[in-house]
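Here the structure comes first, spelled out in C-alpha cells, and everything after it is commentary.
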Amino acid sequence: MPDLAVFQDAFAEALLAPEPHGRLARAPGFAVYRNTCAHGIVEALRAAFPTVGCLLGEEGFTGAALAFRDAQPPASPILSRYGSGFAGFLARQPWTSGLPYLADVALLDWLWLDAHLAADRAARRAPGVGADCFQPLRLTLHPAARFAWLDSPAVTIWLAHRCPGGFEELAPEWRPEGALVTRAGGGAMLQPIGRAEHRLLAAVAAGAPVRSLERAVGAGADLPTLIARLIACGALLPV
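For the sequence shown, counting from 1, position 139 maps to 145 in the numbering used here; every step adds exactly one.
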C-alpha cells in the first residue's frame with residue numbers, strides 16, 4: 007500500500023496530466039474527478055479573464071483555457087491567483103495571429119484582477135502643483151497600482167467590452183496605448199494613460215528620485231501636474 011502522501015501527489019499529477027494513464031487513470035470514478043477539476047480550472051480562468059471570454063466565446067475560451075491548463079497547470083489550489091502566464095501563452099499561439107490584440111487584452115484582465123486583490127494602503131492628500139513643492143517629496147507606487155504600455159489599441163477594446171454601451175463607438179485606430187489600473191472606493195478601475203504618465207510611473211517603480219523624473223518623462227511634460235494627477239487617482243503615494 008503506497009504512502010498516503012505519495013498517493014495524493016500521484017493522484018493530483020494524474021488529474022492535471024494532458025493524457026493520464028496507469029492504474030489511477032483506470033480507477034472507478036477517476037474520470038469524474040478529472041472532469042470536475044478541469045471544469046473548476048476553466049471557470050476560474052473565465053472569471054479572471056472575462057474580456058478574453060467575450061472575444062473568444064464560450065467554446066473558444068474553454069479550448070484556450072484547457073490548452074493553458076496542460077501547458078501551465080496550477081501550482082496552488084488557490085485558483086483565484088491562477089493565470090499570470092495566460093497572456094504570454096496566448097501571445098505564443100499561432101491561432102491568435104488573427105487577433106493580434108488578444109494577448110494585450112488578457113494582460114489588462116490580469117492587471118485588473120491583480121489590482122483588485124492587492125494589498126491596500128491609505129493615500130495621502132496630494133500637495134499643490136507648484137514646481138518647488140515636489141523637490142523634497144519621495145514617491146512610491148500604491149500597492150494596488152498596475153500599469154502597462156501596449157502595442158495595440160487593447161485599452162480601447164477592453165473598455166468597450168467592460169463598459170455598458172461601449173460597442174456602439176468601437177472603431178479603434180491601430181496604435182499603442184497605455185493603461186493604468188488603480189483601486190479607489192473599494193473597486194479596481196482601468197483608465198487610459200499617455201506616454202508621459204507611463205514613463206513617470208515606470209521611473210517611480212524603478213526607484214528614481216523626484217529630481218530625475220522630469221528627465222524621465224521627457225521635455226514638454228508638465229511634471230507637477232502629472233504627479234498631482236497620479237496621486238489624486240491613487241496610483242502614486244507621497245512618502
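C-beta: ideal position from N, C-alpha, C; glycine also.
State whether the segment 190 to 197 contacts the segment 215 to 226, with contact taken as three or more CB pairs (one from each stretch) at a distance under 8 Å. no
Which value, in whole angstroms, describes the spacing of the CA atoms of residue 83 and residue 92? 17 Å
Three-state class that DSSP yields for residue 216 in the structure shown: helix
If you follow the alpha helix (DSSP H) that residue 201 is part of, which residue opens it and which one closes it? 201 to 211
Would you call residue 237 buried or exposed, if buried means 16 or more other Cβ atoms sit within 10 Å of its Cβ? buried
Residue environment, residue 158, which counts as buried when at least 16 other CB atoms sit within 10 Å: buried
My output table needs one value for residue 74: the three-state DSSP class, helix, strand or coil. helix
Which value, in whole angstroms, describes the spacing of the CA atoms of residue 71 and residue 188? 27 Å
By a C-beta neighbour count over all protein chains shown, 10 Å radius and 16 as the cutoff for buried, is residue 239 buried or exposed? buried
Going by the CB atoms, is the gap between residue 204 and residue 186 shorter than 9 Å? yes
Please classify residue 245: is it buried, with 16 or more other beta-carbons within 10 angstroms of its beta-carbon, or exposed? exposed
Report the rounded CA-to-CA distance for residue 60 versus residue 216, giving the unit in angstroms. 41 Å
Pairwise C-alpha distance: residue 45 and residue 99: 22 Å
Can you look up residue 198 in the DSSP assignment and give me helix, strand or coil? strand
Report yes if the CB atom of residue 148 is closer than 9 Å to the CB atom of residue 222, and no otherwise. no
Can residue 87 and residue 47 be called in contact, C-beta distance under 9 Å? no
Where residue 226 falls: helix, strand or coil (DSSP): coil
Give me the Cα-Cα distance between residue 97 and residue 73, rounded to the nearest whole angstrom. 13 Å
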